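Engineer: If you count the sequence shown from 1, position 57 lands on 206 in our numbering, and the numbers rise without skipping. For each residue, glycine too, the CB sits at the ideal point set by N, CA and C. Just so it is clear, the structure is predicted and the values come from calculations on it, not from any experiment.
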Amino acid sequence: MSTLAQRRSARRAYQKAGATSRPGEGKRFKALAKAARLGGARNPEAVAAAIGRKKYGQRQMTRWAVAGKKRAKRRR
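(1) Which class does arginine 191 belong to by DSSP, given the choice of helix, strand or coil?
(2) How is glycine 167 classed by DSSP in three states: helix, strand or coil?
(3) Please list, in chain order, all residues of the same chain as glycine 175 whose beta carbon is under 6 Å from its beta carbon, the five residues on each side excluded.
(4) Go ahead and pull the three-state DSSP assignment for arginine 225.
(5) Check the C-beta distance from methionine 210 over to arginine 202 and give it rounded, since I have them as a contact under 8 Å.
(6) Taking the alpha carbon of arginine 157 as the point to measure from, which residue in Gly173, Ser170, Arg186 has its own alpha carbon closest?
Set out below in structure tokens:
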């Protein structure tokens with residue numbers, strides 16, 4: 150388990166990513182997954198995806214996933 154200071158730091162990083170990046174870039178997702186990991190989640194990416202689906206809907210999350218995979222493929 151992580152310390153309280155690490156969890157607070159991860160939460161602040163998530164809030165900063167939310168304020169400085171647009172939805173769909175992946176920075177907010179990564180920050181949320183890190184916060185969930187430090188909170189003790191077994192699968193933090195699944196937690197972040199579930200929260201995103203609830204907030205933005207299945208269609209938009211799928212569009213962002215496809216765009217992210219294309220970006221990752223170009224970077225290789």
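Structural biologist: Considering the structure as presented:
(1) coil
(2) helix
(3) Gly217
(4) coil
(5) Right, the Cβ-Cβ distance comes to about 5 Å (below 8 Å), so this counts as a contact.
(6) Arg186
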